[in-house]
Every structure is written in structure tokens, then in C-alpha cells.
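Numbering (UniProt numbering), first residue to last: 1 to 328.
Cβ coordinates follow ideal geometry from the N, Cα and C atoms, glycine included.
Since we're looking at a predicted model, the values are computed, not measured.
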């Protein structure tokens, strides 16, 4: 089996990139090659802190580094399309932070170019690769809770009132749906393997013009449903439940999942615990590297068509609210 070292680059030196870089150091076969930011000083600090060999103060210079094979794009989401396409034009494979883009049209363009150029691209939906969510998919594949009828999931936190900050800034793609809601929406997509046929939704639009919290009800074929919520100015429980005809699965704090429990009616509950001492981003990095080594252009856990479908679902929701972004 090919176990060659994969040379990584990171675009954007913000908080999420730091979290990814910290875990990337733990990923087997990853070489921390280069980072890029809009200032040389910021890139230098990041490279020194996380152990990257080279730092660039311009994205153009970074993309000219022939050693970099795959790029993690960790910038704000209005920049994702432009930067992912630039990586592809430079012959680099990509993991792009969620939300993948602002809308489905941008996601479709990336998918088309990636396929034309035969380069690997994956949305960085890292939680799908965490052991408790891997186990959840195995339980479902075994049919242990019967036919799934209802999914419940939410993700919300109170970021406080900072109208100049990214989360509340419309120009930077702020709002609860894109930043927090992507997780429960993606979770429902993972469980059902489809996008909803009908959507009912409600949102509170705050003073800055972005959604601060929302509630969603999805309806799928056969009357199956998903009840989802998200917020950026309200703390939520952040658990996920999958209810079937024979039992249910509970995943506490599903975004950062360290445990899951299987409850089959009439049987003792089964509980699994993941005692990892790191965040868990390394799992998505290792999954991406496995694809590169085997020549796969997409990852089956989060394929590009599903990413595009999820973005389309998010577009449908925002249309109900009359919410659009300056780049659209």
C-alpha cells in the first residue's frame, strides 16, 4: 500500500487554520510544507508556531510552490470559490473549510473544474470522520434501529454582540445558517443520503442583516423528517438524535463527538467512548491523503455532489428568509 508522504499547504492563518494545523502535525504521513497569509508577518508567526517549512506573504507566491500537493483553505467563506479555483489552476488538490462556498452555483463551478482537471477536492466536514460518527454510520448500515424516521440536531453558541466581527458581518458571509447551520444540515444529509423535498423554516434576522438563530423542519420521501436548529447568539444543547422504528442513536455534542450510544428497544444500551486527546481534524486529513495515494478524486464520506446538494438546500432556506449576500 502506498504510504508516501503528502506535502500540505494552508491558505489563511486564522483560528480554524490553526486548529487544523495543530492536528495535521499528528496525521500520519503529512508533511507541513507551506502556509500563506495576506501579510508576511502573520504567515511567519503561523509557520513558526505550527512547524511549517515555509511562509508566504502572498497567495500567488504560495501557489507557485511546486512542492505543495494539497491545500487546506481556511479563509472566510466569500473567498472560498476564488481561492479554491486558484489552487486548482495551480494543480493543487484541496480541502476547503465549511461552508464550502456561499451558494450552490459556486460549489457547482468548483466541482466542474476539479473534475476537468482531475484533482481531488473535498469539503472539510471534519466531524463526519470522527470515530463516533463513523460508528453511527455502521450502526445504521447494520439496520440496528430499523427504518430511520426522524433526525434531530442543533448547533448553537453565543458569540456575543460584535457587529464588526465576521459572524455578524454580511459582507464576510456572516450568519447562523452558513456558520453553524451547516453542521446540522449536513448531519441530516449524511443520515438520509438525500436532500429534503420540502422545507419549513423560521429565522431571526438581527440588526446587521444576518440570521442570528433559526429553526428548520425538513420533509423527505416517505414522510421522514428532520428537526434542526442553529444560532450564533444563543447557546444550544448541540446534541444529535437519530430515531428509527426499532430504536435510536444519541450523539452528545455531535459536532465534536467523543461518544455515541445505541438504544435498541428491549435491549441494553451500547455506549462507545472516544478518548482522543486532540480535536479530531487529523481524521479528515488522513482520509484526504488516503484518496491522494489511491488516486481517488473524491471522498465517499462527503462527495462533491452531496456538498453541492447541501449548498442548494441552504440556498432554498435563505430564499425563504429573503437573505442574500453582497457577492451574489
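Exercise. Whole-angstrom Cβ separation of residue 213 and residue 153, contact assumed at under 8 Å?
Worked result: The pair is not a contact, with the Cβ atoms about 15 Å apart (cut-off 8 Å).
Label residue 11 either buried or exposed according to how many other C-beta atoms from any shown protein chain fall within 10 Å of its C-beta, with 16 as the threshold for buried.
So residue 11 ends up on the buried side.
### Query
What are the residues that DSSP puts in a beta bridge with residue 323?
Paired residues: none, contrary to the question.
(message) Taking the straight line between their C-alpha atoms, what separation do you get for residue 64 and residue 90?
(response) Between the C-alpha atoms of residue 64 and residue 90 there is a straight-line separation of about 7 Å.
* How do the region 239-256 and the region 129-143 stand: do at least 3 beta-carbon pairs fall below 8 Å, yes or no? -> Using a C-beta cut-off of 8 Å, the region 239-256 makes contact with the region 129-143, since at least three inter-stretch Cβ pairs fall below that distance.
| query | Where does residue 96 fall in DSSP's three states? | reply | Residue state, collapsed to three classes: strand.
**Study point:** Reduced DSSP category for residue 134 - H, G, I as helix; E, B as strand; rest coil
**Key:** Residue state, collapsed to three classes: helix.
| Would the beta-carbon of residue 157 fall within 8 Å of that of residue 288? | No, the pair does not count as a contact, with Cβ atoms beyond the cut-off.
Practice task
Have a look at 285, 259 and 31 and flag the residue whose alpha-carbon is nearest the alpha-carbon of residue 135.
Solution key: Looking at 285, 259 and 31, the one whose alpha-carbon comes closest to that of residue 135 is 259.
Review point. Who pairs with residue 8 in a beta bridge, going by DSSP?
Key: For residue 8, which the question treats as bridged, DSSP gives the partners 32 and 70.
Limits of the alpha helix (DSSP H) - the one that residue 117 falls within: Counting along the chain, the alpha helix (DSSP H) containing residue 117 begins and ends at 104-117.
* Exposed or buried, residue 283, counting other C-beta atoms within 10 Å across all chains shown (16 or more means buried)? -> Residue 283 counts as buried, since no fewer than 16 other beta carbons sit within 10 angstroms of its beta carbon.
Discussion item. As an exercise, report each continuous alpha helix (DSSP H) stretch of at least 4 residues that is fully enclosed by the UniProt domain "GFO/IDH/MocA-like oxidoreductase" (135-250), in chain order.
Written reply: For the UniProt domain "GFO/IDH/MocA-like oxidoreductase" (135-250), whole alpha helix (DSSP H) runs of length 4 or above, ordered along the chain, are 182-192.
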